Amino acid sequence: MISPLAAAGRAIAAKILIAQLVVTGLASAISGAMYGMNGAISGLAGGVSCILPFMIFSWFFFRTVGASQLQQTMRNIYRGQSLKLLISIGLFCAVYQWSGLILSVMLLTYAATTASQWFVTIFVKL
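Residue 166, in the numbering used here, is where the sequence shown stops; the numbers in between run on with no holes.
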């Protein structure tokens, strides 16, 4: 059974994930219209480089919640954040190897997708 605190946190994470998917889709569509298929794929790569690590971090973060499990929760946060950083670096390295990459599109989409996390937490009623 999922505690109400964990359920609330997972609902917030789901809203952030939806916003990230929307931003990635829009950025990929705009980039595709401007630069063709390479632009669309570059935008998609930038978005996925942000979304996948966020999903893994969220999974670790909301595995345990509450004051009674503080030590385990803190361990999960550190593990999730470490994995998020390592996966982000790995994805950037993998994407950078692609010869058709439009770096500016990939980085701008990554930045916009990352910024959507902040906008959701600030502007959307959670």
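Just so it is clear, CB atoms sit at the ideal spot from N, CA and C, and this is done for glycine as well. Owing to the predicted nature of the structure, the values given are computational and were not obtained by experimental measurement.
Taking C-beta atoms under 8 Å as the contact rule, Ser98 and Val145 fail to qualify, at a distance of about 26 Å. Exclusion of the five residues before and after Ile56 leaves Gln157, Val160 as the residues of its chain whose Cβ lies within less than 6 Å of its Cβ. Residue state for Gly76 is assigned as coil, using DSSP reduced to three classes.
A distance below 7 Å between beta-carbons, with the five flanking residues on each side excluded, links Ser89 to the following residues of its chain, in chain order: Ser128, Leu131, Phe132, Val135, Tyr150.
Annotation: Thr113 to Lys165 spans about 25 Å, alpha carbon to alpha carbon. Taking 8 Å as the cut-off, the Cβ atoms of Arg119 and Phe100 count as close. A distance below 6 Å between beta-carbons, with the five flanking residues on each side excluded, links Gly49 to the following residues of its chain, in chain order: Phe102.
Counting only unbroken stretches of 4 or more residues, the alpha helix (DSSP H) elements lying wholly within the region 83 to 147 are 110 to 136, in sequence order. When the five nearest sequence neighbours on each side are left out, the beta carbons in the same chain lying within less than 6 Å of the beta carbon of Gly87 are those of Thr64, Thr149, Thr153, in order along the chain. Inclusion of Ile91 and Gln60 in the CB contact set at 8 Å is warranted, their separation being smaller than that value. Nearest C-alpha to Met95 among Ser82, Gly76, Leu110, Ile52: Ile52. 8 Å or more divides the Cβ of Tyr75 from the Cβ of Ile117.
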